[in-house]
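FYI, numbering that gives the first Met the number 0 numbers position 290 of the sequence shown as 289, with every residue one higher than the one before it.
The C-beta atom is built at its ideal place from N, Cα and C for all residues, glycine as well.
In this text, all values refer to a predicted model and were calculated from it rather than measured experimentally.
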Amino acid sequence: MMIKNKRAAIVWSLFGVVITAVVGASVGASHIPAIEIIKAMWNVFSGSVDPEDASTHLILFDIRLPRLVLAFIAGAALAPVGAAMQALFRNPMADPYVMGVSSGASVGAAIAIVTGITASFGISLSAFTGAMVAISIIYLFGFNSRRFDQRTLLLTGIAMSMMFASVVSLLIAMNRNNVEGIIFWTMGGFNAASWQQVVSTGIPVSVGLLLLMIWSGRLNVLSMGNDTAYSLGIAVKLTTFLVLLVSALMIAFVVSASGVIGFVGLIIPHVSRLLLGPDNRWLVPFSALAGGWFVMMCDTLARTIAIPVELPVGCVTACIGAPYFIWMLLRKNQNT
0 MMIKNKRAAI
10 VWSLFGVVIT
20 AVVGASVGAS
30 HIPAIEIIKA
40 MWNVFSGSVD
50 PEDASTHLIL
60 FDIRLPRLVL
70 AFIAGAALAP
80 VGAAMQALFR
90 NPMADPYVMG
100 VSSGASVGAA
110 IAIVTGITAS
120 FGISLSAFTG
130 AMVAISIIYL
140 FGFNSRRFDQ
150 RTLLLTGIAM
160 SMMFASVVSL
170 LIAMNRNNVE
180 GIIFWTMGGF
190 NAASWQQVVS
200 TGIPVSVGLL
210 LLMIWSGRLN
220 VLSMGNDTAY
230 SLGIAVKLTT
240 FLVLLVSALM
250 IAFVVSASGV
260 IGFVGLIIPH
270 VSRLLLGPDN
280 RWLVPFSALA
290 GGWFVMMCDT
300 LARTIAIPVE
310 LPVGCVTACI
320 GAPYFIWMLL
330 RKNQNT
């Protein structure tokens with residue numbers, strides 16, 4: 000079912016994000032009614048915080064809202080990056096997780112933890128380096144000629160994911176003191192979210208998303224094939240390199256803040272494409288909103304479905320994304 004009014008779809012997706020944010024801020028071990036949330040927000044903006052509402056203010060503004068905003072930022076990065084990769088590789092199964100980019104960033108972050116780097120910028124830089132290693136391997140295997148081999152690319156990404164997972168397991172085995180910190184990066188979560196992380200992650204993700212939106216027209220041309228892109232005057236290799244570079248940067252900052260969250264970049268662009276069509280000029284911004292909504296919803300489920308136990312958000316996205324990925328493979332085999 001394709002939506003004809005794409006602007007209305009964007010507006011409704013924004014409305015869905017707001018509703019999900021209110022619900023996410025309300026539910027939890029300590030329930031906060033929606034009217035109390037609105038009251039607390041009004042008090043903050045008016046500068047008149049009631050001392051009797053101190054506990055509500057603490058839970059809302061120091062714990063839940065930073066977590067919700069960071070979850071939205073993560074989804075708003077992962078989904079459009081997945082859409083960009085699917086356009087570049089002309090493969091609906093390409094995404095940062097399946098292609099090994101997220102795993103590469105996770106290895107970089109894990110190495111930073113093991114070597115004693117605790118600063119957010121240092122972990123982000125290490126995660127970016129790991130993501131670039133994965134991107135470089137993809138580039139070498141997938142774009143070493145004008146002929147594009149999707150099967151080789153997909154198998155390369157899966158092999159890299161397995162290799163990076165083995166490296167993380169090795170780091171865990173060799174560094175027992177950092178097991179908890181490393182496992183965090185492999186499972187994903189927002190339990191340590193703060194406004195500082197929101198700012199340090201949100202700024203580069205916003206810049207990267209803006210660039211992907213600017214390049215969305217070129218992504219449309221690249222999705223039609225390298226030969227067509229060359230004939231229309233597109234600098235294929237340069238554009239591909241820039242898109243992959245920006246994608247790696249966005250993924251690195253997300254991984255450094257939340258760890259690896261799988262399948263968001265796979266299922267959200269695919270569903271968005273079914274709703275809005277293949278035009279990346281609409282697909283990229285809609286995927287950002289839908290991805291942010293999806294991760295917020297999954298994080299809310301992760302922390303409320305088994306109170307007082309909090310599940311890693313990566314487990315929730317995997318439970319939804321893995322069956323969807325299998326369905327995509329089966330559907331593709333039936334069509335071929």
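Start-to-end residues for the alpha helix (DSSP H) that takes in residue i
i: D226; result: N225 to S230
i: G276; result: Careful: G276 lies outside any alpha helix (DSSP H) and carries neither H nor E.
i: K38; result: A33 to S45
i: S222; result: No alpha helix (DSSP H) holds S222; DSSP gives it neither H nor E.
i: G207; result: W194 to I213
i: V21; result: K5 to S25
i: H30; result: H30 -> no alpha helix (DSSP H), and no H or E assigned at all.
i: M186; result: V178 to M186
i: A53; result: A53 to H56
Beta-carbon proximity of residue i to residue j, cut-off 8 Å
i: G290; j: V263; result: yes
i: L275; j: K5; result: yes
i: V245; j: G201; result: no
i: F189; j: L69; result: yes
i: S102; j: M159; result: yes
i: L67; j: G23; result: yes
i: S12; j: L265; result: no
i: F285; j: A8; result: yes
i: I110; j: S123; result: no
i: V253; j: V204; result: yes
i: G156; j: V97; result: yes
i: L243; j: I134; result: yes
i: A108; j: S199; result: no
Rounded C-alpha distance that separates residue i from residue j
i: T316; j: V197; result: 21 Å
i: V21; j: E309; result: 20 Å
i: I18; j: W281; result: 22 Å
i: N225; j: S54; result: 58 Å
i: V178; j: S168; result: 10 Å
i: G180; j: V220; result: 42 Å
i: T303; j: V26; result: 7 Å
i: A192; j: V259; result: 15 Å
i: N176; j: V113; result: 9 Å
i: S257; j: A251; result: 10 Å
i: P322; j: V270; result: 14 Å
i: W326; j: D278; result: 23 Å
i: I2; j: L273; result: 9 Å
i: I116; j: T227; result: 46 Å
i: I182; j: P32; result: 34 Å
i: I306; j: A28; result: 7 Å
i: V16; j: V10; result: 10 Å
Within the chosen definition, does the region 208-228 reach the region 71-89 through at least 3 CB pairs nearer than 8 Å? yes
Are three or more beta carbon pairs between the region 228-237 and the region 90-104 nearer than 8 Å?
no
Q. Would you call the region 123-140 and the region 297-307 touching, i.e. three or more CB-CB distances under 8 Å?
A. no
**Prompt:** Which ranges does the alpha helix (DSSP H) cover as unbroken runs of at least 4 residues, wholly within the region 65-145, from first to last along the chain?
**Reply:** 100-113 and 119-141
Restricting to runs no shorter than 4 residues, where is the alpha helix (DSSP H) found entirely within the region 240-308?
263-275 and 279-303
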